[in-house]
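Q:
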Amino acid sequence: MTAIDVADRTRSDLAHLLHPLYHPSGHQAPKIWVKGRGAIVIDIEGHEYIDGLSGLWNVNVGHGRRELAAAAAEQMETLAYCSSYTGSSNLPAIELAERLSELMYPSINTFFFTSGGAESTETSFKTARYYWKLAGKPDKVKFISRMRGYHGVTMAAMSATGLPMYWPMFEPRVPGIVHIESPYPYRFVNRTPEVSDGVAAANLLEDAILREGPETVAAFIAEPVQGAGGVIPPQDDYFARIREICDRYEVLLIADEVITGFGRTGRWFALEHYGIEPDIVQFAKGITSGYVPLGGIGVSDRIREAIHSAPPDKRYMHAYTYSGHPTCCAVALRNLQIIEEEGLVARGAALGERLLQGLHTLYTLDGVGDVRGKGMMAAVELVADKATKQAYPVEANVGARVYQEMMQRGLYTRVLGDMILLAPPLVTTEEQVDRIVAIIGESVQAVVRGQGSGVRG
Ligand SMILES: Cc1ncc(COP(=O)(O)O)c(C=O)c1O
50 MTAIDVADRT RSDLAHLLHP LYHPSGHQAP KIWVKGRGAI VIDIEGHEYI DGLSGLWNVN
110 VGHGRRELAA AAAEQMETLA YCSSYTGSSN LPAIELAERL SELMYPSINT FFFTSGGAES
170 TETSFKTARY YWKLAGKPDK VKFISRMRGY HGVTMAAMSA TGLPMYWPMF EPRVPGIVHI
230 ESPYPYRFVN RTPEVSDGVA AANLLEDAIL REGPETVAAF IAEPVQGAGG VIPPQDDYFA
290 RIREICDRYE VLLIADEVIT GFGRTGRWFA LEHYGIEPDI VQFAKGITSG YVPLGGIGVS
350 DRIREAIHSA PPDKRYMHAY TYSGHPTCCA VALRNLQIIE EEGLVARGAA LGERLLQGLH
410 TLYTLDGVGD VRGKGMMAAV ELVADKATKQ AYPVEANVGA RVYQEMMQRG LYTRVLGDMI
470 LLAPPLVTTE EQVDRIVAII GESVQAVVRG QGSGVRG
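Throughout the sequence shown, residue numbering follows the numbering used here, covering 50 to 506 in sequence.
1) Measuring CB to CB, does residue 496 end up less than 8 Å from residue 432?
2) Kindly indicate the opening and closing residues of the alpha helix (DSSP H) around residue 431.
3) Unbroken alpha helix (DSSP H) runs of length 4 or more, entirely within the segment 70-153: which are they?
4) Could you check whether the Cβ of residue 344 sits closer than 7 Å to any heavy atom belonging to ligand 1?
5) Residue 4 and residue 255 look like a contact to me (Cβ under 8 Å); what is the Cβ gap, rounded to whole Å?
6) Helix or strand or just coil, what does DSSP make of residue 374?
7) Is it the case that the CB of residue 308 approaches a heavy atom of ligand 1 more closely than 7 Å?
8) Taking the alpha-carbon of residue 507 as reference, which of 208, 364, 329 has the nearest alpha-carbon?
9) Three or more C-beta pairs under 8 Å: does that hold for the segment 262-277 against the segment 190-209?
10) With distances taken Cα to Cα, identify the nearest neighbour of residue 99 among 224, 482, 492, 377.
11) Does the distance from the CB of residue 334 to the CB of residue 106 come in under 8 Å?
12) To the nearest whole angstrom, what separates the beta carbons of residue 318 and residue 153, a pair I think is in contact under 8 Å?
13) Write down the C-beta distance between residue 468 and residue 429 rounded to the nearest angstrom, noting that I regard them as a contact closer than 8 Å.
14) For a quick check, are the C-beta atoms of residue 327 and residue 283 less than 8 Å apart?
15) For residue 88, which of 418, 69, 111, 408 has the nearest alpha-carbon?
16) Whether or not the segment 384-402 and the segment 154-167 are in contact is what I'm after, with contact meaning three or more pairs of Cβ atoms, one per stretch, closer than 8 Å; do they touch?
17) In the DSSP assignment, find the beta strand (DSSP E) that holds residue 408 and state where it starts and stops.
18) Give the range of the alpha helix (DSSP H) segment to which residue 318 is assigned.
19) Would you mind working out which of 438, 159, 479, 487 sits nearest residue 454, comparing C-alpha positions?
20) Could you give the first and the last residue of the continuous beta strand (DSSP E) run that contains residue 160?
21) If you measure between the beta carbons of residue 244 and residue 426, is that distance less than 8 Å?
22) How long is the line joining the alpha carbons of residue 150 and residue 462, rounded to whole angstroms?
23) My guess is that residue 101 and residue 460 are in contact by the Cβ rule of under 8 Å, so how many angstroms apart are they, rounded?
24) Do residue 173 and residue 346 have their CB atoms nearer than 8 Å?
25) Given this structure, state the Cα-to-Cα distance separating residue 257 from residue 179, to the nearest angstrom.
26) Starting from the C-beta of residue 60, find all residues in its chain whose C-beta is less than 7 Å away, skip the five residues before and the five after it, and write them out in chain order.
27) Could you tell me whether any non-hydrogen atom of ligand 1 is closer than 7 Å to the CB of residue 200?
28) Candidates 209, 267, 490: which alpha carbon is nearest residue 407's?
29) Checking 8 Å against the spacing of the C-beta atoms, do residue 268 and residue 301 come in under that value?
30) Could you give the distance in angstroms between the alpha-carbon of residue 127 and the alpha-carbon of residue 391?
31) Is residue 291 helix, strand or coil when you go by DSSP?
32) Would you tell me roughly how many angstroms separate the C-alpha atoms of residue 80 and residue 416, rounded to the nearest one?
33) What first and last residue would you give for the alpha helix (DSSP H) that runs through residue 253?
34) Is there at least one non-hydrogen atom of ligand 2 closer than 7 Å to the beta-carbon of residue 209?
35) Is DSSP giving residue 65 helix, strand or coil here?
36) So, with DSSP's three-state summary, where would you put residue 215?
Listed below in structure tokens is the structure:
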């Protein structure tokens, strides 16, 4: 085999590709990935890394699964594509919807497929508006989401995303989408003596609904554990109160389980931790472990009944060419089978415990302010002052430097500011989990020790 000319491939990348979140200054020496096995990814120069974020939170069953390649090949040979528009369907899509109805919350039994997370957000929003129009409440059109939430970056999804760095160069945002504060237990400020922090955080939703007018609010969207915004599990009583508020004001609850679905948090779906059911669930990523693009939404029986009872002139005029793509659905089915047969949901719970316990040992280190997680999602938040929780100055570049140290030691994951985010595959070995913890400890020490008192104070 001829050797690949890395410099030439890099030049060509720079000449011809635009990447997500692109700036050329961050792309002069891109990692070019060529291979993966289990929890390991290998770059073009043969260096091996632990895939600390499962790609982008999606490769739940790990890399290199021949079963998934075989499922795709078999379906492609059988039927390349067919429309899923009304009056037309296909066997893998039917079987996948049937399977999801068994795995998901009891009241969620009906599914619409998309190609990814953002399309799922758009689909949830349109379905919520559609539902309220059918219900004779056409003014219920607004959406409430949370700061630090991430729901994708198509126009409405970007507008719901509560990470302001995604907004300015694409303004104006879609009107009628407002944000409330994240429950963020480590930095929660809206504390009141009368109620728990979880209830106080959820009550911010009630305030927003009353401010906007309940008759104008269609839905509230939330990730059960905020992911890209910093891996933030809410207080344990947060979602029960959210459910009460949504019921009281007739606001649909959309659970964005694009990251948290399919075993990531140690349950099939993450609101199971909190004992409530949503009205709409959106999913993507882990449904195929990222091998092919697939997403979708599940709707409650109540919403399904409304859609089924609509007159023909008010039909559900929402559509994607690749809705219910047979190959993607076939791969999803095989992926779900792997998760079941290998007990990966329970494994995610057990490995997640090990990961979190390991990370907790890092509390003794200078700079480690918070360690949090749920199943195989975790974060370490670095701070200049543990007592006041004061962040490092931006110009100290602490997160970026820790990232470099982690890369040198063989851990590839994502940092957000000074937070180290983790979501390793559910097939990561115990030794690899311990290695992740060790690498983070060494990398934090390497950077924080070099900080000097001027920056740390
Ligand atoms: C919770 C959540 N929702 C939606 C999305 C958007 O998904 P996509 O990038 O497939 O559009 C993401 C992506 O990270 C996500 O984490």
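Just so it is clear, CB atoms sit at the ideal spot from N, CA and C, and this is done for glycine as well.
A: Here's the rundown:
1) No; because the gap between Cβ atoms is not below 8 Å, this pair is not in contact.
2) No alpha helix (DSSP H) holds residue 431; the beta strand (DSSP E) holding it covers 426-431.
3) List check, alpha helix (DSSP H) in window: 103-106, 115-127, 140-152.
4) yes
5) Residue 4 is absent from the model: the chain starts at 50 and stops at 506.
6) coil
7) yes
8) This structure does not reach residue 507, given that the chain is present from 50 up to 506, and the question cannot be answered.
9) Flag = yes, the segment 262-277 and the segment 190-209 touch.
10) 482
11) yes
12) 6 Å
13) 7 Å
14) Taking 8 Å as the Cβ cut-off, residue 327 and residue 283 do not qualify as a contacting pair.
15) 111
16) no
17) First-last for residue 408: 393-409, but that is the alpha helix (DSSP H), not the beta strand (DSSP E).
18) Careful: residue 318 lies outside any alpha helix (DSSP H) and carries neither H nor E.
19) 487
20) 157-163
21) no
22) 33 Å
23) 5 Å
24) yes
25) 22 Å
26) none
27) yes
28) 490
29) yes
30) 27 Å
31) helix
32) 28 Å
33) 246-261
34) Ligand 2 is absent from the structure shown, which contains only ligand 1.
35) helix
36) helix
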